[in-house]
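First comes the structure, then the notes that go with it.
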Amino acid sequence: MVAPGEVDDIVIAGMGAETIMEILEAAPWVFDQRYNLVLVPATKHSILRRWLARRGFEMRGETLAQAAGRWYAVMNARYAGTEHEPDGLECLCGKTEGQPGFGAYCAQQNGKLKKYRLGLAPGAEADAVDVLIQELEKRSCL
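Using the numbering used here, the letters of the sequence shown correspond one by one to residues 346 to 487.
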């Protein structure tokens with residue numbers, strides 16, 4: 346266990362987004378500009394991006410990495426105190442556009458989004474997801 350003020354850089358990697366969020370919630374002292382977070386979620390990148398934005402963290406940068414045939418986003422975040430509601434593309438792609446592997450990463454994210462879409466009833470949410478799917482299909486060709 347790390348105590349408040351013991352470190353300035355915190356790396357949390359190799360676990361799902363929900364677990365990363367639970368760890369950060371259990372350490373409310375990280376909601377301070379002093380701490381630099383390096384987060385590498387194994388799953389649900391978009392959920393972690395949305396959670397960070399809604400809680401006032403600024404995404405300072407992201408780097409795509411591939412391992413065992415899967416794409417991961419290495420996220421660098423710091424608390425800024427400015428909460429915002431990210432749009433769908435910000436949640437799905439973050440700051441990865443233009444990086445090597447971006448098209449393949451979009452295709453991977455789009456596959457997950459299509460599975461999510463299968464469970465939605467017709468309506469506004471399904472329509473919004475359809476728009477995101479089309480946008481990701483364009484970007485996966487880049």
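Ideal placement from N, C-alpha and C gives every residue a C-beta, glycine not left out.
Reduced DSSP secondary structure (H/G/I, E/B, other) of residue i
i              : result
valine 474     : helix
glutamine 378  : coil
alanine 410    : strand
proline 373    : helix
arginine 394   : helix
glutamate 480  : helix
arginine 399   : helix
methionine 366 : helix
Residue i versus residue j: straight-line alpha-carbon distance, rounded
i              : j             : result
valine 347     : arginine 379  : 15 Å
glutamate 482  : aspartate 354 : 36 Å
lysine 440     : proline 467   : 31 Å
methionine 404 : valine 474    : 23 Å
methionine 360 : leucine 477   : 26 Å
histidine 390  : alanine 418   : 7 Å
threonine 408  : histidine 429 : 22 Å
cysteine 438   : valine 356    : 21 Å
Among the options, the one whose alpha carbon lies nearest that of residue i
i              : options                           : result
glutamate 367  : Asp354, Val352, Glu351 and Leu384 : Leu384
aspartate 472  : Met420, Phe402 and Lys459         : Lys459
glutamine 453  : Arg405, Asn381 and Trp416         : Trp416
isoleucine 392 : Gly433, Ala371, Ala412 and Gly414 : Gly433
leucine 369    : Ala412, Gly414, Ala422 and Thr388 : Ala422
beta-carbon residue i near the ligand GDP non-hydrogen atom, thresh 6 Å
i            : result
arginine 379 : This structure simply doesn't include the ligand GDP, nor any ligand for that matter.
Endpoints, beta strand (DSSP E) assigned at residue i
i           : result
glycine 359 : 354 to 360
Query raised in the report: Residue ranges of each alpha helix (DSSP H) run of no fewer than 4 residues wholly in the region 414 to 462, ordered along the chain?
Result: Complete alpha helix (DSSP H) runs here, min 4: 433 to 438.
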